[in-house]
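Numbering (UniProt numbering), first residue to last: 1 to 155. Input: a single structure, listed below in structure tokens.
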């Protein structure tokens, strides 16, 4: 004879498994002592008791809880990763701007050499470009980015 009953786990009294089949003696209807239980019926009892718990664990799927110190470390790691990404993006932008300014300065230098103008006759647009190149290089060096090659020197 199989009865249903309620089982409360000793390790965790908050988990209650209800309606688990419990073997009972056919004559007295009392729960069967462990000595009288066959291996097969014991396996069934264990399976019936464990299955609902496993299902509940699968449905919860909660990550393991972290201690407060680990939580603070995880938060700090995420903040540092975000800051590193922002710094890297800013350095890439500055590097790109520097390359553009260097290309522009090289084109201007090439133009001046091709036309063979004397330094006094250079177009006024060269000085602002050289100043922009210098300011971009200074800004890049302040941010700790890679050092570009030296700009072309006026002749």
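Cβ coordinates follow ideal geometry from the N, Cα and C atoms, glycine included. Because the structure is a prediction, the values reported are computed rather than measured.
Inter-residue Cα distance where the pair is residue i and residue j
{"i": "residue 35", "j": "residue 50", "result": "Residue placement at residue 35 is poorly supported in this model, since its pLDDT is 49, which falls under 50; the coordinates still yield a value, given next. Distance between the alpha carbons of residue 35 and residue 50: 21 Å."}
{"i": "residue 76", "j": "residue 90", "result": "21 Å"}
{"i": "residue 65", "j": "residue 45", "result": "31 Å"}
{"i": "residue 56", "j": "residue 82", "result": "36 Å"}
{"i": "residue 93", "j": "residue 84", "result": "14 Å"}
{"i": "residue 95", "j": "residue 139", "result": "10 Å"}
{"i": "residue 69", "j": "residue 54", "result": "30 Å"}
{"i": "residue 103", "j": "residue 110", "result": "10 Å"}
{"i": "residue 39", "j": "residue 58", "result": "28 Å"}
{"i": "residue 115", "j": "residue 136", "result": "28 Å"}
{"i": "residue 41", "j": "residue 48", "result": "10 Å"}
{"i": "residue 86", "j": "residue 52", "result": "48 Å"}
Pair within 8 Å by beta-carbon distance, residue i and residue j
{"i": "residue 132", "j": "residue 108", "result": "no"}
{"i": "residue 130", "j": "residue 105", "result": "yes"}
Among the options, the one whose alpha carbon lies nearest that of residue i
{"i": "residue 98", "options": "141, 42, 41", "result": "141"}
CB contact check: residue i to chain C, cutoff 8 Å
{"i": "residue 81", "result": "Absent here is chain C; the protein component of the structure consists of one chain."}
For this session: Just list the alpha helix (DSSP H) runs in the region 69 to 113, keeping only unbroken ones of 4 residues or longer that don't cross its boundaries, in chain order.
Result: For the region 69 to 113, not a single whole alpha helix (DSSP H) run of length 4 or above is found.
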